[in-house]
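Protein chains in written order, with my numbering: chain L, 1 to 173; chain B, 1 to 429.
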Amino acid sequence: MVQSCNGAVVQRTNGAIQMMLSESSLQKIEELKTRYQNPQAVVLAALWMWQDEHGWVSNEGMEYVARLLGISTHHVYGVVTFYTMFNKEPVGTHKLEVCTNVSCMLKNSDKILKHIEDRLQIKVGETTPDKRFTLVEAECLGACGYAPMLQCGDEYYENLDEAKVDRLLDDLK
Amino acid sequence: MEKLILPDIPELHKVDVYEANGGYQMLRKALGMKPEEVTDEMKKSNLRGRGGACFPTGLKWTFMPKVTTKPKYLCINGDESEPGTFKDRQILEDNPHLMIEGALIAAYAMGIGTIYLYVRGEYNKWIVMVQKALDDAYAKGYIGQNILGSGFSTNFYIHRGAGAYICGEESSLMNSIEGERGYPRVKPPFPAQFGLWGCPTTINNVETIANVPVILRLGWEAYSKIGHPKHPGPILVGVSGHVNKPGVYEMPTGVLLTDIIYKYCGGVPADKKIKAIIPGGSSTMILRGENIEGVTMDADGLKAAGSSVGTAGLIVMDEDTDLIRVITRITKFYYHESCGQCTPCREGTGWMFKILKRFENYDATLEDIDLLLDVANNIEGNTICALGDAAAWPVQSMIKRFRDEFEQRCKANGSSTKSVAKEMVHALR
Ligand SMILES: Cc1cc2nc3c(=O)[nH]c(=O)nc-3n(C[C@H](O)[C@H](O)[C@H](O)COP(=O)(O)O)c2cc1C
Ligand code: SF4
Ligand code: FES
């Protein structure tokens, strides 16, 4: 890794220089720093940007974010491993997070989970071989009155039944 | 009752519509009052926090030092991760400006120059909505420098979490804003003395803050007459589980639980009987269905019934519900969410889950009931934050009120294999 003229860390891949976070994200991070007493407070936001651009948070990502904010890599590692929403390994294009907590359980979320497992031929925690889908079990997502539900990206899919799940999986293909 | 927090006005989330309906007039009114007068209104209104602990809001505000050389902060708690709770999201979606106006009034009352709204990471869609509302409020001069020419200035930022129930606990929330792991802090010192970056800080729930402009509009006296006198005001009740019309309902405090279930939510599907309810999110004590007659949704009513209001997330379970599965799932949640700082909580939640798995699998013995209770009793009161208690209460109350369910789940010949739960943690989560 080398330091670019504007202070951003860049990486050389096959001779070409590649930014590790987009210019707009780097600008946004500079703006966010003004909102807090110190740059460390931007760590969650910076990790979000990294994950949005790269799909998951690699060791490289943690090192990069640490340098950007002037904090230690082990601190960033501690943060990444504390919060469940950061992917610590690559995930499929669509990460399906099925809530199985109490209100969803009462509305048969286990059937929804089983149905997805059967359709995608994977178990909870796995990714399809074509890397399209990852299936995980989630804790309460704040949609208990609209159970059963799942989250995929920023979208909430609520009041699910098997037909709705089928349509969703077809749409996401 | 006229709806005050979530009125039926189309497009109210838009700043123009909000203004056309009297929006931001209470901010103007507050800026014309002395800060202490605003806090006094809150105290006299008897508003109590809607984040789970029912703490008197006005009193909390008086803990903030009037004179200090340090900056002061307001954190609005939109972490909303307690299972069964989904009400704050409705405010963020349908009436974000009410919450923003309330926060500005609170900041003025306490002389606060920076507001952070902490929202759980999963709610990104709602973060985008609230950011739009904030941008509009900035553009109109309601937030920022010299608000409406009053000389008062404050900024308002959203801080996005990243998936951790514990970050709803107020000191953990502050650590999360500081860019730390979300570990709760030992108290004292309390946030009003030593909060964000060691500076005076107040933390209030989204719904609590949305009540602030309403109190100024109605006046404390009229507000304090809504619902139950000791816990007054409108309250958002989120109903889930076995009811015909689940959802978030605004009502005065003090409504009968049976009215909530049968009048607001259309009763139980197929007219089944109610076996049990959890009145205020998964941390509150479970009640038997036959004991909810006459119980009301307010602090006193639920205390008398042996539970608490919590977040008013009411979970209804019909006669066919397998309560052992329910308590096992709830306990798995606390085990997963324990931050791991204190031994009783970190180890105890895992042990309770293991023992409950034995009941779930018909592989427990009668002694396991007492063992389970013993573990729960040793968590309660012995931890840094209330997550430990929150994990113990559901288990304790389930054993107290449904011991028969546990007994039926024991192995007939009393020869448990003491099997160990295999799937102890979520894959990838
Ligand atoms: C484990 C735990 C989780 C909590 N989660 C939330 C939450 O998601 N939202 C919330 O407003 N309060 C939550 N609280 C309560 C807060 O610590 C705090 O009491 C509350 O935000 C104060 O606001 P209020 O006085 O307006 O109710 C939680 C408490 C604990 C112990
Ligand atoms: S009680 Fe549990 S969640 Fe709270 S600080 Fe201790 S270990 Fe962490
Ligand atoms: S229990 Fe599934 S969203 Fe709350």
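Ideal Cβ positions, reconstructed from N, Cα and C, are used throughout, including at glycine.
As for any beta strand (DSSP E) of minimum length 3 sitting wholly inside the stretch 47 to 134 of chain L, the runs are 94 to 99, ordered along the chain.
For proline 35 (chain B), the enclosing alpha helix (DSSP H) stretches over residues 35 to 45.
Less than 8 Å divides the Cβ of leucine 21 (chain L) from the Cβ of glutamate 53 (chain L).
In this structure, the straight-line span from the alpha carbon of cysteine 99 (chain L) to that of glutamate 89 (chain L) is close to 21 Å. For the pair aspartate 79 (chain B) and leucine 173 (chain B), the CB atoms are nearer than the 8 Å cut-off. At a Cβ-Cβ threshold of 8 Å, alanine 386 (chain B) and glutamate 169 (chain B) count as neighbours.
One finds nothing in chain B with a Cβ atom closer than 7 Å to the Cβ of valine 65 (chain L); even the nearest lies about 10 Å away. When C-alpha distances from proline 189 (chain B) are compared across B:Gly111, B:Thr296, B:Phe86 and B:Phe63, the shortest belongs to B:Phe63. One finds nothing in chain B with a Cβ atom closer than 7 Å to the Cβ of tyrosine 77 (chain L); even the nearest lies about 10 Å away. For threonine 154 (chain B), the secondary structure class from DSSP, reduced to helix, strand or coil, is strand. Contact holds between the stretch 195 to 206 of chain B and the stretch 64 to 84 of chain B, because three or more Cβ pairs, one in each stretch, are under 8 Å apart.
Contact of tryptophan 393 (chain B) with chain L is not assigned, every C-beta pair being separated by 8 Å or more. In the same chain as leucine 69 (chain L), and ignoring 5 residues on each side of it, the C-beta atoms closer than 7 Å to its own belong to Pro39, Gln40, Val42, Val43 and Ala46, in chain order.
When only Cα atoms are considered, methionine 251 (chain B) and alanine 299 (chain B) end up about 15 Å apart. Scanning chain L for C-beta atoms nearer than 8 Å to the C-beta of serine 308 (chain B) yields nothing, as the closest lies near 17 Å away. Any Cβ of chain L closer than 8 Å to the Cβ of tryptophan 197 (chain B) would place that residue at the interface, and such an atom is present. Chain B has no Cβ within less than 8 Å of the Cβ of serine 72 (chain L). Looking only at B:Tyr334, B:Asp271, B:Ile147 and B:Val130, the smallest Cα-Cα distance to lysine 14 (chain B) is reached by B:Val130. In the structure shown, threonine 202 (chain B) adopts extended strand secondary structure according to DSSP, grouped into three states. At a threshold of 7 Å, cysteine 265 (chain B) does not count as near ligand 3, since its beta carbon sits no closer than that to any of the ligand's heavy atoms.
Pairing phenylalanine 133 (chain L) with leucine 120 (chain L) gives a Cβ-Cβ distance under 8 Å. Looking at the backbone, the Cα of asparagine 159 (chain L) and that of proline 148 (chain L) are separated by about 5 Å.
Judged by DSSP secondary structure, glutamine 27 (chain L) falls within the alpha helix (DSSP H) whose first and last residues are 23 to 33. Contact between phenylalanine 156 (chain B) and leucine 134 (chain B) holds: their C-beta atoms lie close to 6 Å from each other, under 8 Å.
In terms of Cβ geometry, cysteine 144 (chain L) and glycine 84 (chain B) form a close pair [threshold 8 Å]. Residue environment for arginine 89 (chain B): buried (at least 16 other C-beta atoms within 10 angstroms of its C-beta). Interface criterion met: the Cβ of cysteine 144 (chain L) is under 8 Å from a Cβ in chain B.
Scanning chain L for C-beta atoms nearer than 8 Å to the C-beta of alanine 412 (chain B) yields nothing, as the closest lies near 26 Å away. With respect to the 8 Å criterion, threonine 57 (chain B) and threonine 296 (chain B) are not classified as neighbours on the basis of their beta carbons.
The beta-carbon of glutamine 27 (chain L) is placed no less than 8 Å from the nearest beta-carbon of chain B. Taking 7 Å as the cut-off, one finds at least one heavy atom of ligand 1 near enough to the beta carbon of lysine 60 (chain B). Taking the CA atoms as reference points, alanine 210 (chain B) sits about 37 Å from isoleucine 399 (chain B). In this structure the stretch 279 to 290 of chain B touches the stretch 299 to 318 of chain B; the number of beta carbon pairs closer than 8 Å is three or more. Judged by DSSP in its simplified three-state form, cysteine 144 (chain L) adopts helix.
Less than 8 Å divides the Cβ of histidine 242 (chain B) from the Cβ of valine 316 (chain B). As the crow flies, the alpha-carbon of leucine 106 (chain L) is around 22 Å from that of lysine 123 (chain L).
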